[in-house]
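Visitor:
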Amino acid sequence: MSTLTLDIKGMRCAGCAAKVGRTLEALDSVAQAEVNIATNKAVITPHSSQALDDSLTAIAGLGYEVLTQEQVFNVSGLSCASCVNKIESQLQRLEGVLKVEVNLASGQTRVKTLLQGPDRAHLSQAIQALGYEVESSQTSTSSSRASEPQTKTPWLLIGSALLCLPLIAPMLGLGTHLSPWLEWLLATPVQLILGWRFYRGSYHALKAGYTNMDVLVALGTSSAYLYSLVLMLQQGAASHGQLYFETAAVLLTLISLGKWLEEQAKRKTSFALDQLLSLRPEQATLLVEGQPQQVAIEDVQAGQQLLIKPGERIPVDAKIISGHSEVDESMLTGESLPVSKKTGEQVHAGTLNGQGSLTVEALKVGNQTALARIIQLVEQAQAGKAPIQQLVDKISAIFVPVVLLIALATALIWWWLGADTPTLLMNAVAVLVIACPCALGLATPAALLAGTGSGARAGILIRNLEVLETAPKVDRLIFDKTGTLTQGHPSLQQVYSPVLAEEELIRLVASAQQRSEHPLAKALLEAAKQRQLTLATVDSMQAVSGKGLRAEVAGQQLLIGTAELLQDAQIEIPPSPQLQALQQQAATLVMVAADGRWLGAYTLADQARPEAASAIQALQQQKRQVVMLSGDRQEAVAPLAKVLAIHEYAASQQPADKANYIRTQQQQGQVVAMVGDGINDAPALAQADLSIAMGSGSDIALETADLTLLRNDPRLVAAALQLCSLTRRKIAENLFFAFIFNTLGIPLAAMGYLNPTLAGAAMALSSLTVVSNALLLKRWQPKWEEHA
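Quick note on the UniProt record's numbering: the sequence shown kicks off at 1 and runs consecutively.
1. Between ASN773 and PHE737, is the Cβ-Cβ spacing less than 9 Å?
2. Measuring straight from C-alpha to C-alpha, what distance separates SER6 and GLU101?
3. When DSSP labels each residue in this structure, what does LYS623 get in the three-state scheme?
4. Would you check if the distance between the CB atom of ILE255 and the CB atom of MET763 is smaller than 9 Å?
5. Sort ILE320, ASP606 and PRO575 by Cα distance to residue 789 and report the nearest one.
6. If distances are taken between C-alpha atoms only, which option among GLN242, GLN92, ALA126 and GLU133 comes closest to SER179?
7. Spatial neighbours of LEU67 within its chain, please: C-beta separation below 6 Å, excluding the five flanking residues on both sides.
8. Pick out whichever of VAL544, ALA428, PRO610 and LEU524 has its Cα sitting closest to the Cα of PRO747.
9. Assign CYS164 to buried or exposed, taking buried as 16 or more other Cβ atoms, counted over all protein chains shown, within 10 Å of its Cβ.
10. I need the DSSP call for GLN557, collapsed to helix, strand or coil.
11. For ARG313, which residues does DSSP report across the bridge?
12. Using alpha carbons as the reference points, say which of TYR244, ALA238 and PHE198 lies closest to ILE168.
13. Do the CB positions of ILE297 and PRO281 come within less than 9 Å of each other?
14. So, helix, strand or coil for GLU552, using DSSP?
15. Does the Cβ-Cβ distance between ALA749 and ILE398 come in under 9 Å?
16. Determine, using beta carbons only, whether ARG507 and THR534 come nearer to each other than 9 Å.
17. Is ASN427 helix, strand or coil by DSSP?
18. Leaving out five residues on either side along the sequence, give the residues of the same chain with a beta carbon under 8 Å from the beta carbon of HIS122.
19. Is SER29 helix, strand or coil by DSSP?
20. Would you be able to state if there are at least three C-beta pairs under 8 Å between the region 621 to 632 and the region 650 to 664?
21. Determine the DSSP secondary structure at THR3, reduced to helix, strand or coil.
22. Would you tell me roughly how many angstroms separate the C-alpha atoms of LEU229 and TRP184, rounded to the nearest one?
23. Can you tell which of GLU65, GLN346 and GLU133 has its C-alpha closest to the C-alpha of ASN74?
24. Could you check whether ASP54 and LEU27 sit closer than 9 Å to each other, using their CB atoms as the reference points?
25. I'd like the ranges of any alpha helix (DSSP H) spanning at least 4 consecutive residues and lying wholly in the region 566 to 633.
26. If you pair each beta-carbon of the region 192 to 211 with each one of the region 68 to 87, do three or more pairs fall below 8 Å?
27. Please return the same chain residues whose Cβ sits closer than 8 Å to the Cβ of VAL190, not counting the five positions on each side in sequence.
28. Could I get the ranges of all uninterrupted beta strand (DSSP E) runs contained in the region 706 to 776, with 3 residues as the minimum, in chain order?
29. Can you tell me whether MET213 is helix, strand or coil according to DSSP?
30. Check MET232 in the structure and name its three-state DSSP category.
31. Output the distance between the C-alpha atoms of ALA612 and ASP713, rounded to the nearest integer angstrom.
32. Suppose the cutoff is 6 Å on Cβ atoms and the five residues either side in sequence are ignored; what does the same chain contact list for LEU233 look like?
33. What's the call for SER49, buried or exposed, on a 16-neighbour Cβ count within 10 Å?
34. Assuming ALA302 and LEU363 form a contact by the criterion Cβ under 8 Å, report the distance between their Cβ atoms to the nearest whole angstrom.
35. Pick out whichever of ALA33, SER278 and GLN513 has its Cα sitting closest to the Cα of VAL43.
36. Which of the three DSSP states is assigned to LYS778 in this structure?
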């Protein structure tokens, strides 16, 4: 066995290298290990086939990371689940290959390897050696599939159908049987030309040592064709009425028609990914010394300035330097209404500019943009496998050989019962045809494509396919408060001053805080802006830690902050019913004084999101218990819980407290989901059975959570759980349809109740049923949008 080279990240000194080397050599599966700190590589001489897996586990246990790479191929020619299993098992045997995932519905193959593992050309050759075609360019599945020619197959099918019409006319009572030689002339082009793909697939499959759908079709149709050919050559005109040329020709035509319809339907399952891929423009308008210049999108670099004209798609993630417009972010975040954008705010690649012209500075380009990250996440989810697929793969691996044995047994039993050759042959052919495992292989991936695509369109990204198993079982939804159920920033609530008019007090306080970056200061500045107040010049400002600030505005010495700040300055705060009412609110109370005299007070609070109440109600209607955990004080948490009808909540919760709460619930047998921002709630998200991160399209925890919501709308939580459950149900329904066709069809065919032509139609119908059922997910959308 040759050596393995691992690129290791995280080693900082010779001691690290020595520790890794000793750990690797202590493994039973490793004969020798040499670790070089200069190159950060470990060269391993394996002692057994377990060396790679054991080494990866050992290095991860030491806290280091083995660098890997992922190659994506678009493979055509896949006919059933057996093809998927063969490619995965064949590539997995190559040294340096860590993981292989093949999606039958899309044809996408993702191969994860060591950096020193097999290169793209080597992997491509291995796939082609099995008889499949690999696209030369590393493009996404959806874009390549959209560009595939779709005219050849229909014309070939039409020609085959025309040739079959005279053959089946007697069966329809539209004429008499043709002469044997004319039947042969009509059936042979169909058998050799239309059937060529099945012969070619069978050859490569058998050459590689496995069987697939192509073998079943080729064997079944060839048996009928060759039997008829031999009988015709032996008996000549006397064979009239005893031939089965029409059976073979019609079978090939029906099966090919079913496969073509199936391909058209499969293309529709990736509709959302196609739309996401189409969002990225090919060109951008670069400003060179103030002059616009058209350049390819690949040539744009971070830091360059771009001109975004009205109606154009924004090519990169960028910050607006000048201009104002409305931007449609619907395909990126699921938000249906255009979002107002002005100088200083960010815009994202793929979103559509409105009527205003914008000058922007590129922040993230190429694969670093939010759109590129979302597309990558969707593609990975669609290429992955739900846990139930593992069982399907095991069944598919032995399915075709078992069917071949059943067909042989059918022929032998009918021969033993004294049946003539045509009867036992047709019954065996019917078994071969009805059992084609197309529907079985499509059941899971077709539903995944449609479900994850619908989710992406609504702003719901499914990162981990185990979510499909977990989501229906969730008992408790744990919500973080700030930024999840609330706006995430304070706003001005009430103002009281017995001395000044309300707007004058706001103007004075906002003027004093112009230089402050504190969230409470921003709330006052936003309130002044909304009221279009003209601010005075601030001469000086000094923050007082934990209490507020001192400032000089228009010759007045201001104190803004807590009551303690004013008391330290010996300023008396006169009691009043109005002030007492403000103190009893679930809000932050701020006192204001000028030149040693109390002027008034105002309150600031983080308001509940407008959608929060309906979000909680939707989850409760799903029979899930909602809990709110917050780091805020009890006085701020309790009123919000009451407003949102949340019956269980806890205040003053640190990140570790939230994780411990979830752990306690899990120990009591609860399945817990956590909803947070993916940053300060990281411990709780990691502890939960299902983690859901909320965020904007530009700043989202894509690598943190099982589910990511692209906009801060808590209603998406219930919608995401519903979509996961619905996708899981579609997978189960598809598997039921696939198995029921075979469970009922094979015995009927073996007993002679299903002729080969009907068997071929049933086989095609099973695949169409599975894909069409998955396509129903395309119509899914969050319920509140349905009634918008």
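Note that beta-carbon positions come from the ideal geometry of N, C-alpha and C, so glycine has one too.
Quick caveat: nothing in here was measured; it's all calculated off a predicted structure.
Guide: On the basis of the data shown:
1. yes
2. Residue 6 is actually Leu in this sequence, not Ser. Taking the straight line from one Cα to the other gives about 22 Å.
3. coil
4. yes
5. There is no way to answer for residue 789, as the model of the chain reaches only from 1 to 788.
6. GLN242
7. ASP7, LYS9 and LEU115
8. ALA428
9. buried
10. strand
11. LEU352
12. TYR244
13. yes
14. strand
15. no
16. yes
17. helix
18. LEU94
19. coil
20. yes
21. coil
22. 8 Å
23. GLU133
24. yes
25. 577 to 583 and 612 to 621
26. yes
27. SER160, LEU163, CYS164, ALA248, ALA249, LEU252 and THR253
28. 707 to 709
29. helix
30. helix
31. 8 Å
32. none
33. exposed
34. 6 Å
35. ALA33
36. helix
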